[in-house]
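Below is one structure, written out as structure tokens; the observations come after it.
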Amino acid sequence: MSLQKSYQMTIVAGVFQAKLNPSNELLILAEKINWEAITEALAPSYSNLGRAGKPIRLMVGAHILKHMHDMSDEDVAKRLGGDVYWMAFCGIDEPFVTEDWQPLNASTMTYFRKRIGPSGVAKIDQVILEQLLTEKRIEPKSQFVDTTAMEKDVAYPTDTELLDKGRRRVVSGLKKLKQLGRKISIGQTFTRVAKKALLEIIKLGKDRQERIKKGAELLAKFAKVVLKRVPSALRKAKKHNNKDTQKRIEAVQEQIRTDSELLTRVIAQTAARYAGTHVKKKVYSYHEPQVTCIAKGKRGKPNEYGSKVSLAVDKNGFVVTHKVYDSNVGDTKTLEEAVSDWETATGQMPEELAADRGYHMAKYPEKLKNISRIAIPRTGKRKHQDSDKAYFRRLQRKRASIEPVFSHLKQDHRMNRCRYKGFKGDQINVSLAASAWNARKWMKQMASEAKRAKIA
Numbered sequence: 001m002s003l004q005k006s007y008q009m010t011i012v013a014g015v016f017q018a019k020l021n022p023s024n025e026l027l028i029l030a031e032k033i034n035w036e037a038i039t040e041a042l043a044p045s046y047s048n049l050g051r052a053g054k055p056i057r058l059m060v061g062a063h064i065l066k067h068m069h070d071m072s073d074e075d076v077a078k079r080l081g082g083d084v085y086w087m088a089f090c091g092i093d094e095p096f097v098t099e100d101w102q103p104l105n106a107s108t109m110t111y112f113r114k115r116i117g118p119s120g121v122a123k124i125d126q127v128i129l130e131q132l133l134t135e136k137r138i139e140p141k142s143q144f145v146d147t148t149a150m151e152k153d154v155a156y157p158t159d160t161e162l163l164d165k166g167r168r169r170v171v172s173g174l175k176k177l178k179q180l181g182r183k184i185s186i187g188q189t190f191t192r193v194a195k196k197a198l199l200e201i202i203k204l205g206k207d208r209q210e211r212i213k214k215g216a217e218l219l220a221k222f223a224k225v226v227l228k229r230v231p232s233a234l235r236k237a238k239k240h241n242n243k244d245t246q247k248r249i250e251a252v253q254e255q256i257r258t259d260s261e262l263l264t265r266v267i268a269q270t271a272a273r274y275a276g277t278h279v280k281k282k283v284y285s286y287h288e289p290q291v292t293c294i295a296k297g298k299r300g301k302p303n304e305y306g307s308k309v310s311l312a313v314d315k316n317g318f319v320v321t322h323k324v325y326d327s328n329v330g331d332t333k334t335l336e337e338a339v340s341d342w343e344t345a346t347g348q349m350p351e352e353l354a355a356d357r358g359y360h361m362a363k364y365p366e367k368l369k370n371i372s373r374i375a376i377p378r379t380g381k382r383k384h385q386d387s388d389k390a391y392f393r394r395l396q397r398k399r400a401s402i403e404p405v406f407s408h409l410k411q412d413h414r415m416n417r418c419r420y421k422g423f424k425g426d427q428i429n430v431s432l433a434a435s436a437w438n439a440r441k442w443m444k445q446m447a448s449e450a451k452r453a454k455i456a
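Numbered according to my numbering, the sequence shown spans residues 1 to 456.
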């Protein structure tokens, strides 16, 4: 798909813009964002041939609004067709030719995210960040770091559910192969007896733990029988003369191999858990196998399943850098990288650094020795040698302000649960959430400044 370019404003757009309130927050923000720089940065993701795609400003603006207002793709596409200020923000200047006219379809937003990927979304974040630095709204001298967990949109993992779901996925794949004309034997699917075993497990009673263990062993037995049929079925799935059918067969075969491998791991980790053996890198989901378990120690939710996110903000609350990890890495291992990313983003090392006691190390890396003031409390009962000094207390008080930033990112900007596919989806979600937070904060500041200037 090629890039659609617009060189001048249409007559419809001129009349359209003239009727809007110029003091609207979205119009103020739209005037400030460097859309040309964003378009230039994302242009390499498009081809010079083919049907013209939607304008980059429309797609980027739609995603900023989506995460700014915590909406789904469908809701954004629907509102974009009826909200004139949203249209103006996204640079829409098309005439309304039909009653059911829509600027874009929800699926177009999905294709756009796949097209630009995490690197493209990072470029959007970078353009906005550079503008904030140019206007001196970001204070690069003070860095405040913390980590949080971002949950993935997966069901709560249990051994029995994973065993049953894995068996059902493999059986479903074998049935698809048979429907595509492959002469394979599916055999017993264990659908009825597996359902009966699950019903026994969920019943309450004193012997429930024993029934859970017995049910897990039974479901694992069913899964092993189904897995034994996979190699034979894959061998019998010979090539097809039709190219399209052959592609579908190969896709189904690859999915069966992936599900079989994951199911084998689930069987092994279930047996190890009942044997009292710890297993690293467990499988918690079939469609999101990279999900990791992050123990938070909360009473209502002791464990969260997703990825770990490291954020660094300045003293004004703008998100300057962020990093997503696909494992539950320790905070100390993320600190040096957070400082390096800060230097890359702002062009200078921070003069002050503050974090919670989870970042404390007996010996800090060489890179951090260039920072004049580091306010990180010690672990244990011993107090930090500078804990009573004014700078240490000031930075620790200011460090606490990162907690409401986390809260806003999760509650208002869709970082509470990532609904995008895979680890790349995690990176895209965090980048868009940070961009939406920074853009909204920037918009509110400019609107407040314009209001004060008008009163004066």
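Even for Gly, the Cβ is constructed at its ideal location relative to N, Cα and C.
Quick caveat: nothing in here was measured; it's all calculated off a predicted structure.
Heavy atom of the ligand GTP within 6 Å of residue i beta-carbon
i, result
"D75", "The model on display carries no ligand, and the ligand GTP is accordingly not part of it."
Supposed contact pair residue j and residue i - C-beta distance, whole angstroms, cut 8 Å
i, j, result
"E139", "N316", "6 Å"
"Q427", "P118", "4 Å"
"L27", "A77", "21 Å between Cβ atoms; not a contact."
"M409", "V145", "First, the residue type needs correcting, since residue 409 is Leu and not Met in the sequence shown. L409 to V145, Cβ: 15 Å. No contact."
"R167", "L263", "7 Å"
"R235", "G187", "With a Cβ gap of about 15 Å, R235 and G187 do not count as contacting."
"R417", "D153", "5 Å"
"V266", "K176", "Actually they are not in contact, since the Cβ atoms of V266 and K176 sit about 21 Å apart, beyond 8 Å."
"M68", "F112", "The Cβ separation is near 17 Å, so there is no contact."
"L219", "L174", "Contact flag wrong, Cβ pair sits at about 18 Å."
"P302", "K296", "7 Å"
"A338", "A312", "5 Å"
"R79", "W442", "Incorrect: roughly 22 Å between the Cβ atoms, too far for contact."
"V171", "L227", "That belief does not hold up - the Cβ atoms of V171 and L227 are roughly 11 Å apart, past 8 Å."
"D341", "F423", "D341 to F423, Cβ: 18 Å. No contact."
"G478", "L29", "Look at the range of the chain in this structure, 1 to 456, and you will see that residue 478 is not part of it."
"A434", "D73", "Incorrect: roughly 19 Å between the Cβ atoms, too far for contact."
Three-way DSSP call (helix, strand, coil) for residue i in this model
i, result
"S142", "strand"
"K389", "coil"
"M71", "coil"
"S431", "helix"
"I116", "helix"
"E151", "strand"
"A272", "helix"
"F107", "In the sequence as displayed, the identity of residue 107 is Ser instead of Phe. In the structure shown, S107 sits in a helix (DSSP, three-state: H, G or I)."
"R417", "strand"
"R373", "strand"
"A400", "coil"
"S285", "coil"
"S23", "coil"
Exposed unless 16 or more other CB atoms sit within 10 angstroms - verdict on residue i
i, result
"Q269", "buried"
"T160", "buried"
"T292", "buried"
"A237", "buried"
"S387", "exposed"
"M9", "For M9, the predicted structure reports a pLDDT of 49, less than 50, and the residue's modelled location is therefore unreliable. The matter cannot be settled from this model."
"G215", "buried"
"T346", "buried"
"S260", "buried"
"P365", "exposed"
"S431", "buried"
"G205", "exposed"
"Y391", "exposed"
"E210", "exposed"
"H413", "buried"
"G61", "buried"
"G330", "exposed"
"V279", "exposed"
"Y284", "buried"
"Q143", "buried"
Interface flag, residue i vs chain B, CB-CB below 7 Å
i, result
"W35", "The chain inventory of the structure shown lacks chain B, comprising one protein chain alone."
Problem - Every unbroken alpha helix (DSSP H) within the segment 291 to 365, with a cutoff of 4 residues, ordered by chain - result: For the segment 291 to 365, whole alpha helix (DSSP H) runs of length 4 or above, ordered along the chain, are 331 to 346.
Handout entry: Those runs of the alpha helix (DSSP H) which lie wholly inside the segment 176 to 208 and span at least 4 residues
Key = 191 to 202
Exercise for the section: Could you tell me whether the segment 345 to 360 touches the segment 182 to 195, where touching means 3 or more Cβ pairs closer than 8 Å? Expected result: no
Practice task
Please specify which runs of the alpha helix (DSSP H), each continuous and at least 4 residues long, are wholly inside the segment 196 to 267, giving them in chain order.
Solution key: 208 to 228 and 230 to 236
Exercise for the section: Indicate whether the contact test is met: 3 or more Cβ pairs, each with one atom in the segment 305 to 312 and one in the segment 145 to 153, closer than 8 Å. Expected result: yes
Practice task
Taking 8 Å as the threshold, find out whether the segment 396 to 414 comes into contact with the segment 40 to 50 through three or more Cβ pairs.
Solution key: no
Handout entry: Three CB pairs or more closer than 8 Å across the segment 433 to 443 and the segment 318 to 326
Key = yes
Problem - Inter-stretch contact at 8 Å, needing at least 3 Cβ pairs: the segment 121 to 135 / the segment 33 to 47 - result: yes
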